[in-house]
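Asker:
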Amino acid sequence: MHTTLSPTQFKFAQSTLHTLRKQKDAIPLNLPVNYIALGIPHYPKIIRHPIDLSTVDKKFSTSNPQYPIQAPGTCG
1 MHTTLSPTQF KFAQSTLHTL RKQKDAIPLN LPVNYIALGI PHYPKIIRHP IDLSTVDKKF
61 STSNPQYPIQ APGTCG
């Protein structure tokens, strides 16, 4: 699903994401799960569309607020 954000919405979403990533409780969500190192090789079969905050941040960094971007729940 794609949606177009106004420049104001885009800046707000990006700012909110950066604030969220700095929170102590967000640390486990900041990077992709290293399922091999964690010994859970079945992880990709169970979690079909994993997403982490660094991936969402990269998508925002490479998006232009004037063009459609993927909705946050479908960034994978």
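Numbering (full-length UniProt numbering), first residue to last: 1 to 76. Note that beta-carbon positions come from the ideal geometry of N, C-alpha and C, so glycine has one too. Keep in mind it's a predicted model, so treat the numbers as computed, not measured.
Could you say which of Pro-7, Gly-39 and Ser-15 lies nearest to Val-56 if we only look at CA atoms?
Answerer: When each option's Cα is compared against that of Val-56, the closest is Ser-15.
Asker: Is the distance from the Cβ of Pro-50 to the Cβ of Pro-44 below 9 Å?
Answerer: For Pro-50 and Pro-44, yes; Cβs fall inside 9 Å.
Asker: Can you list, in chain order, the residues of its chain with a C-beta nearer than 6 Å to that of Leu-20? Leave out the 5 residues immediately preceding and following it.
Answerer: Once the five neighbours on either side are set aside, the close Cβ partners of Leu-20 are Ala-26.
Asker: State the DSSP-derived secondary structure class of Gln-9, mapped to helix, strand or coil.
Answerer: Note: Gln-9 maps to helix in three-state DSSP.
Asker: Consider the Cβ of Lys-59: report whether some Cβ of chain C lies at a distance smaller than 9 Å.
Answerer: This model lacks chain C altogether, as it is built from one protein chain only.
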